[in-house]
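Numbering (our numbering), first residue to last: 674 to 768.
The following block contains the structure:
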């Protein structure tokens with residue numbers, strides 16, 4: 674953009690969410706032109722949680738990566754957060 678720019682408004686997070694650190698991501702179809710595709714199986718790094726599948730639409734939108742976090746918000750929205758952004762913004766509560 675050209676012209677005068679000012680700093681965007683800043684926000685502080687105060688939400689409680691559910692999240693799992695990602696140990697592995699495995700797609701069920703071979704890459705196309707170097708890009709992952711298909712449903713993805715996410716293996717959590719936390720003990721006691723089984724691998725789970727996310728559909729292709731979610732996987733292509735969010736592009737989960739090892740070391741990042743699979744996040745579920747109170748309204749049920751599911752997302753991916755890179756490790757740095759997540760760890761800078763959230764503190765684990767409880768066990």
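Even for Gly, the Cβ is constructed at its ideal location relative to N, Cα and C. Since the model is a prediction, treat every value here as computed from it, not as a measurement.
Run the CB neighbour count on residue i, radius 10 Å, all protein chains shown included, and call it buried at 16 or more, exposed below.
i, result
"residue 698", "buried"
"residue 718", "exposed"
"residue 715", "buried"
"residue 737", "buried"
"residue 684", "exposed"
"residue 732", "buried"
Determine which residues share a DSSP beta bridge with residue i and list them.
i, result
"residue 697", "716"
"residue 753", "743"
"residue 725", "715"
"residue 702", "710"
"residue 692", "744"
Please work out which residues of its chain come closer than 6 Å, Cβ to Cβ, to residue i, disregarding the five sequence neighbours upstream and downstream, and give them in chain order.
i, result
"residue 745", "691 and 751"
"residue 709", "700"
Which residues in the same chain as residue i place their Cβ atom closer than 8 Å to its Cβ, once the five residues preceding and following it in sequence are excluded?
i, result
"residue 696", "716, 717, 718 and 739"
"residue 728", "712"
"residue 686", "762 and 763"
"residue 741", "694, 695, 753, 754, 755, 756 and 759"
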